[in-house]
Structures are given as C-alpha cells and as structure tokens.
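Order-wise, the sequence lines are chains A and B. Heads up, the first sequence is in numbering that gives the first Met the number 0, so the first residue is 0 and it goes up one at a time. Heads up, the second sequence is in numbering that gives the first Met the number 0, so the first residue is 0 and it goes up one at a time. Please read the structure below before turning to the comments.
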Amino acid sequence: MTSMGLLISIAGILSGAAPIMFGVIGETITERAGIINLSMNGTILLSAMVGFAAAFVTGSLFLGFLAGALLGGLVALVVAFSSIALKQSQVAVGFVLAVLCLNLSYFLGHAYISQNGPSLNVLPIPVLDKIPILGILFFRQDLMTYFSFVIIFLAWFWIYRTRPGLMLRGIGERPAAAYVRGANVNRLRYIYTFLGGAIAGLAGPTFSLDVKAGWAGQLSGLDGYGWIVLSIAIFGGWNPFRAAFGVYLFSFLQWLGLVLQPVLPNIPTQVLQVAPFPLMILTLLLVNIGDAEWVQRWLASLPEGTRRVMARILRALRASPPASLGVPFESE
Amino acid sequence: MKKNQWLKIGFQLAAIVLALLFTTLVLLMAGASPLQAYSNVLQGIFSSTADITNVLAAWVPLLLATAGVLITFAAGLWNIGIEGQIVLGAVFTTGALRLLQNSSLPGGWIIVIGFIAGLIGGAIWGALAGVLKTFGGVNEIFGGLGLNFVATAFALYLIIGPWGRPGIASTSGTLIFPTRLWLPTPLNVALSPWALGLGILAAILVYFLLRGTYFGLRLKAVGKNMRAAFLLGVPTWQYSMYAFLLCGALAGLAGAVQVTAVYHRLIPTISSGYGFLGLLVAMLINYQAVWAAPIALFYAALNIGGIQLPIMMKMDSSLSGVLQGILVLFVLMVEGARQQLFEKKE
Chain A
0 MTSMGLLISI AGILSGAAPI MFGVIGETIT ERAGIINLSM NGTILLSAMV GFAAAFVTGS
60 LFLGFLAGAL LGGLVALVVA FSSIALKQSQ VAVGFVLAVL CLNLSYFLGH AYISQNGPSL
120 NVLPIPVLDK IPILGILFFR QDLMTYFSFV IIFLAWFWIY RTRPGLMLRG IGERPAAAYV
180 RGANVNRLRY IYTFLGGAIA GLAGPTFSLD VKAGWAGQLS GLDGYGWIVL SIAIFGGWNP
240 FRAAFGVYLF SFLQWLGLVL QPVLPNIPTQ VLQVAPFPLM ILTLLLVNIG DAEWVQRWLA
300 SLPEGTRRVM ARILRALRAS PPASLGVPFE SE
Chain B
0 MKKNQWLKIG FQLAAIVLAL LFTTLVLLMA GASPLQAYSN VLQGIFSSTA DITNVLAAWV
60 PLLLATAGVL ITFAAGLWNI GIEGQIVLGA VFTTGALRLL QNSSLPGGWI IVIGFIAGLI
120 GGAIWGALAG VLKTFGGVNE IFGGLGLNFV ATAFALYLII GPWGRPGIAS TSGTLIFPTR
180 LWLPTPLNVA LSPWALGLGI LAAILVYFLL RGTYFGLRLK AVGKNMRAAF LLGVPTWQYS
240 MYAFLLCGAL AGLAGAVQVT AVYHRLIPTI SSGYGFLGLL VAMLINYQAV WAAPIALFYA
300 ALNIGGIQLP IMMKMDSSLS GVLQGILVLF VLMVEGARQQ LFEKKE
C-alpha cells in the first residue's frame, strides 16, 4: 500500500468512527451523572431510521440530525424517568428499550428501505486541508466527522475544567454531597441523561445520512453497534480522551480485519469483523482485574519490588466507575 | 390487603391497555389498518393445526431460555450472554451429530448425545461469563455481550469454513442432517413431543428449584444481598457460578432443540433471539417462575403470528417485537407508578 493510500485509509477510519464516537461520548456523559442508559443499541437503530426518514421527507439534512438527536434524548428520558421518579431498575428499562427501539426501527422503517435519501458531503476546510498529512487526515472530512473530533475536547473540558462539570462529577460520585452543596441532583440527572442521549442520538443519522448512507432495515448492519458503544464507554473509564482512544482502537481493528481478509482467505470477513470483541473483553478484564480479591491477595504475596511495579501497572489500567452509577438518589 | 391486590391487577390491566394503544398508534403511523394487522396476527396463531404446533415449537426454546435466566436473575445476575450460550449449545450439538452421523449408533442415541453436548457447550459459555465476573471483575452484562459476538462469529466461521457445504462458501447454514438425526415428529408437524416435554420439564424443575429447595433459597440470598449471604456462610461466588452454569446448560439445550427439532442444521441466527426474549419474559412476570410457561407461550404466539404481516400486508414482522417490548416497558413503569403512589412510607 502506498503511503497516500494508507493516509486515506486512516482518514476513512476516523470518519467511520464518528457515529461510535457520538454514542460513546453521550453514554460517558450520562454515566458520569450516575445513570446507565443501556438502550444504546435500540437508540442508534431508531435514530438512524428516524433521522433518515426526516431528512428524506423534508430534504433537510439538518432536520434529519436534529430528529435523531431528539429521539435519542427522548429515549434516554424514559430511562431517567423510570429510574428517578418510578424507582425502576435502569438496566431493566434500558434493556427493554434496546429491544423495543430496534423493533420499532425495523417496523416503521419498512417504507424507507432502499430509498435514495440525501447524504452528507465532504467539506474540506480551506487552507488547513493543504497541510501535508494532517490535511488529509483531519481537514478533508465531512461536518459530522469534524464534530466528532470537537466533541471529545468539549466533553473533556466540560467534565474536568468547568464548575457545572464539577457538579456533574459530583452527582455521579457522591450525590448526597452535591445535594448539600445546593445541586438539584435529580434535575441535573434528567438534564444530563437527555443531553447524553441526544449526543448518542446523533450516532444513528451519522450512519444513515453519512457513513452508511441509506436505510436498509435489518440489512443496514447497525444492530450490535450500541452494545459496542456500551463496552467502549466502560473501557474509556468515563474519561472522554480514553474513550476516544477506545473508539479509534476499535475502528482500527475492524479496518485491520478487512485489510487482512485477502491475506487470510480461509477466515470469512464476518469473523474478522468481530476480532475486536475478544480484545474488548480482554481489555475490560485488564481494566477491572486489579480490584479482584484474588489479585489483591496475589499482589500482597509478591516480593516488594515486583509488587510495586505490578500494582502500578494495574492501577494505570484501572478505571473505576462513578461511585453512584446506577444508584437512585433520594434527598431524605 | 385485598384492596391492594385489586389495585395491582387494575394497574397491570392499564399497562396492557397502554401497550395496545401504543402499538395501535405505531400501526397508524405506518399507515396500516390496526384491526387488519391484529386479525392477521391472530389468524397466524390459530387458523390451523400447523400454526398452533409452530407456536408450541417456538415455545420450547423460549421456555428453556426463560427458565435459565430465572435462575441467574434469582442470583442477582443479568445474564445477557444467554444468546451466545444458545449458539454454543447449538454448535456443540451440531459437532456431536457430525462426529457420530456415520457411526453405527442408533439415531436416538446420537440425538441424546447431541443434547448432552449442547448442554455442556452452553454451560461452558455461561461459566466463561461467570469466571470473567467472579475472578476478573468484568460485569456480566459487558462480558456477556462480548461473548455473544464471539459465539456468533465462531458459528459463522464453522459454517463457512470447516463445516461448510462442499463446494459452496455460503453463510446460509451447514448441510441438513439425515432425518434419522431429527427429533421425531410423529404427527407430521413441526413440533416434536420430546422437545415439548423437555421444555415443560425444565420450567417445572426450575420452579421447584427456586421455590422449594435449600439451593434455591441460598441462591436467592446471594441475589438479594451478597454481603449478608456471605456473612451467613453462603459460599457466594460458588453460587454465582452455579447460576451461570445452570442457565448456560438450559440455554445450551435450547440450542440443541433448535438444531435437532427446528432447523436440522447449524445456521448463523440459530438462537433466533430467544435469549433476549427470555430476558423480556422474565422481567414481564416479575421473575416469578409460576408465570414462565403461560407468558412464554403468549410471546411465542406473537412471534409466530407476526410472520403473517409480511405475507398478508407487506409489513415487517417486527410488530410482534414492538408489542413484546412495549408491554414489558409499560408493566415496569406502571408498577413503579403504583408503588410510588400507593406504597409510599409503609
């Protein structure tokens, strides 16, 4: 492969990762506030269908993306409402929504299968796109890909560098303490769940109006991405940068699977496409294993020098969830 | 007390009405006549003996899956990996049948061995999620999801690669087994009484396991409060593993049924979504094993009835999935509302 071809491939990985990025950043924000939105798989499919339908009917790409985002926010609100007001399990409600929205997308989307809808064009950024290497990678993409870059930094800045972001971390870690400090914990949780859901809701239209333009029902191949998003959000340790690294790593591995196809002709594409999953499990294992009791015991039995090195490695890999993730908050 | 019972029933009826309203709305949005759609679904369930036996044939794997997740739910575990456990069961069954199909063993014995292999395959995949959870700290939801993808890919690899049909590289499935390796269907319908018996037996066993045994009691203790159970001397992680093993075994049997009684070969979508559907049924019945059989039957009937929609009305069959999902959602939400309104501060 020529170096130019390689650059174009990497640029393709970056734009192909955009939908997953929206999902992962959205979920990260929601989980930071202490709510797990397990509906992601259904959210992505239904927002893809709704976004495509809206753009197809109105002819406006903007309305397509807006519809997807609103739908994502709405589904997330059902999770928040069921958890906060009705005290139901977030995991249960999220799982049901994942199944429900998937079926809704197939049923309601039936009329839009194989229709020719609008799709997003590449929009090079003048001047910057002439920079060697970087120009091709980052500045000859489409609008949503640019937004997928920007949102990593925006999310990171909001969470770690602003006062409301401090509150956001507070309501996910120690809601009682945040409440004493004057935060309206449940209202903030509603807001952030909606916001996170809306960002994740961009994932669907980014597929159906951009990366995999069009709607093909069950053949769209979008089933499964939502579960990937949830795994990467855990891998990302609720930090947007680490999450972004996870997204690009995953997309790179999927691309590698495609490239290796001619080299390994005995292994079908569908198999290589799932190559990231064993790796995902492995990384989840590495991320979590430091907390396991037997590992702690094993560490304690090691000689001092080795123990310190091992402990440091495990700590660097470790990602602990917001302490109150999935736990409802009551002020009394 | 009595008044509360009536209130509860009233709220659940409201949830059913809401679910039907929602589904009707969805049908109207799709530009279809709701009455026509519902009558088509009903006809698809009841209009012939073949329909009714199809429903019962779909009931078996769903019942096995539901019975399985009732065990993991009792232990406080979300075994989302059940889909992969069904697939692995089917893979092991197929492997066993392939290995023995040219042997001189009688067909019945080969089928029995196939079922045992399926049970083992499912249990192994369940145990893997369990090991990841208990020794690796990987939440069973995410470990299970990953293992689902791996299982499907593994089945695909076998179907295209080593177990492929000679000369064709196709994802449609392996070669169909000779009829002597099919679960016998005496009445010339899709339903095997053996499979039906197995499904019902599993549901009954799980009901008594959870209700009337020491094992079930300790399992539920682990599910309700792991720390308290541990302090009371229950070997907690062992019980989590038992739950994964048992659920995986039942899921594996569901896979074996799919291979020997339904498809007579291995296909990539061999689980047919029964694992996730089993989770939905378990939630809908509020994890009460008594209701597993009737509600699973209802959900299986919806699956079969939905098949009529593409044929009769050129619509997607996923309407059944919409109704199945929204029903659980509304039952959960309405039950939550009832508790908030009428059971506050007891």
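All residues carry an ideal CB built from backbone N, CA and C; glycine is no exception. Here the structure is a predicted model, which means the values were calculated and not measured.
Legend entry - Alpha-carbon to alpha-carbon, A/Pro321 and A/Glu30: If you take the alpha carbons of A/Glu30 and A/Pro321, they lie about 7 Å apart.
Inset, instruction - From the DSSP output, in three-state form, read off A/Val121 for me. - result: Reduced to three states, the DSSP call for A/Val121 is strand.
Legend entry - According to DSSP, residues forming a beta bridge with A/Asp141: Residue pairing by DSSP places A/Asp141 opposite A/Val121 in a beta bridge.
Inset, instruction - Please list, in chain order, all residues of the same chain as B/Ala56 whose beta carbon is under 6 Å from its beta carbon, the five residues on each side excluded. - result: The residues are Ala189 and Leu190.
Inset, instruction - Taking only runs that begin and end inside the stretch 62–107 of chain A, name each unbroken beta strand (DSSP E) of 3 or more residues, in chain order. - result: Runs found: none.
Legend entry - Three CB pairs or more closer than 8 Å across the stretch 90–107 of chain B and the stretch 283–296 of chain B: Counting Cβ pairs under 8 Å, fewer than three are found: no touch.
Legend entry - Contact with chain B by A/Ala291, beta-carbon distance below 8 Å: A/Ala291 counts as touching chain B.
Inset, instruction - Identify which residue in A/Val23, A/Ala47 and A/Leu5 has its Cα closest to the Cα of A/Leu218. - result: Of the listed residues, the one whose Cα sits closest to A/Leu218 is A/Ala47.
Inset, instruction - Find the nearest neighbour of B/Leu216 within the set B/Ala260, B/Ala74, B/Ile266 and B/Ala281, judged by alpha-carbon distance. - result: Of the residues B/Ala260, B/Ala74, B/Ile266 and B/Ala281, the one whose Cα lies closest to the Cα of B/Leu216 is B/Ala74.
Legend entry - C-alpha gap between A/Cys100 and B/Phe114, whole angstroms: Using only the alpha carbons, I get a separation of about 35 Å.
Inset, instruction - Kindly say whether B/Leu328, judged by its beta-carbon, lies nearer than 8 Å to any beta-carbon of chain A. - result: Cβ-Cβ to chain A under 8 Å: yes for B/Leu328.
Legend entry - Inter-residue spacing [alpha-carbon to alpha-carbon] between B/Gly305 and A/Ala154: Cα to Cα, B/Gly305 sits roughly 43 Å from A/Ala154.
Inset, instruction - Determine the chain A residues that contact B/Val25 at a beta-carbon separation under 8 Å, and present them in chain order. - result: Those are Leu103, Phe106 and Leu107, listed as they occur along chain A.
Inset, instruction - In the DSSP assignment, find the alpha helix (DSSP H) that holds A/Phe240 and state where it starts and stops. - result: Boundaries of the alpha helix (DSSP H) harbouring A/Phe240: Pro239 to Leu259, taken from the DSSP string.
Inset, instruction - Output the residue ranges of the alpha helix (DSSP H) runs that lie fully inside the stretch 222–263 of chain B and measure 4 residues or longer, sorted by chain position. - result: Segments of the alpha helix (DSSP H) lying fully in the stretch 222–263 of chain B: 225–230 and 235–256.
Inset, instruction - For B/Lys132, name the three-state secondary structure that DSSP assigns. - result: If DSSP states are grouped into helix, strand and coil, B/Lys132 belongs with the helices.
Inset, instruction - Assign B/Asp315 to one of three DSSP states: helix, strand, or coil. - result: DSSP places B/Asp315 in the coil class of the three-state scheme, outside both helix and strand.
Legend entry - Whole-Å CB distance - B/Ala64 paired with B/Ile269, under 8 Å assumed: B/Ala64 to B/Ile269, Cβ: 13 Å. No contact.
Inset, instruction - List the residues of chain B that A/Ala91 touches, going by C-beta distances under 7 Å, in chain order. - result: Using a Cβ-Cβ cut-off of 7 Å, A/Ala91 is close to Met282 and Leu331 of chain B, given in chain order.
Legend entry - Contact with chain A by B/Met28, beta-carbon distance below 8 Å: At least one chain A Cβ lies under 8 Å of B/Met28.
Legend entry - Three-way DSSP call (helix, strand, coil) for A/Arg173 in this model: Note: A/Arg173 maps to coil in three-state DSSP.
Legend entry - Inter-residue spacing [alpha-carbon to alpha-carbon] between A/Val121 and A/Leu142: Straight-line spacing of the CA atoms in A/Val121 and A/Leu142 works out to 7 Å.
Inset, instruction - Below 8 Å on the Cβ atoms is my guess for A/Met333 versus A/Val228; work out the distance and round it to an integer in Å. - result: Since the first and last residues shown for chain A are 0 and 331, residue 333 of chain A lies out of range.
Inset, instruction - Classify B/Ser103 as helix, strand or coil using the three-state DSSP reduction. - result: Reduced to three states, the DSSP call for B/Ser103 is coil.
Legend entry - Alpha-carbon spacing of B/Phe207 relative to A/Pro174, whole angstroms: Our two residues, B/Phe207 and A/Pro174, have alpha carbons roughly 42 Å apart in a direct line.
Inset, instruction - Buried or exposed for B/Ser38, please, with buried defined as at least 16 other CB atoms from any protein chain shown within 10 angstroms of its CB. - result: Label assigned to B/Ser38: exposed.
Legend entry - B/Phe153: first and last residue of the uninterrupted alpha helix (DSSP H) it sits in: First-last of the alpha helix (DSSP H) with B/Phe153: Glu139 to Ile159.
Legend entry - Three-way DSSP call (helix, strand, coil) for B/Phe176 in this model: Of the three classes helix, strand and coil, the one that applies to B/Phe176 here is coil, per DSSP.
Inset, instruction - Let me know if A/Asp290 comes out buried or exposed under the rule of 16 or more other beta-carbons within 10 Å of its beta-carbon. - result: When all chains shown are included, A/Asp290 counts as exposed.
Inset, instruction - Could you pull out every residue in the same chain whose Cβ sits closer than 8 Å to the Cβ of A/Ile19, ignoring the five residues on either side in sequence? - result: Same-chain partners within the cutoff: Ala202, Tyr224, Ile227, Val228, Ile231, Val246, Phe249 and Ser250.
Inset, instruction - Indicate whether at least one CB of chain A lies closer than 8 Å to the CB of B/Gln307. - result: No - not a single Cβ of chain A is within 8 Å of the one on B/Gln307.
Inset, instruction - Could you name the residues of chain B that A/Lys86 contacts, counting a contact when the two beta carbons are closer than 9 Å? - result: Within chain B, the residues Gly335, Gln338 and Gln339 have their CB atoms less than 9 Å from the CB of A/Lys86, given in chain order.
Legend entry - chain A contact residues for B/Ile325, given Cβ-Cβ distances below 7 Å: Per Cβ cutoff of 7 Å: Leu99.
Legend entry - Cutoff 8 Å: A/Pro277 Cβ touching any chain B Cβ: By this cut-off, A/Pro277 is an interface position.
Legend entry - Alpha carbon of B/Glu345 to alpha carbon of B/Gln339, nearest angstrom: For B/Glu345, the predicted model reports a pLDDT of 48, less than 50, meaning its position is unreliable; a value from the coordinates is still stated below. Distance between the alpha carbons of B/Glu345 and B/Gln339 is about 11 Å.
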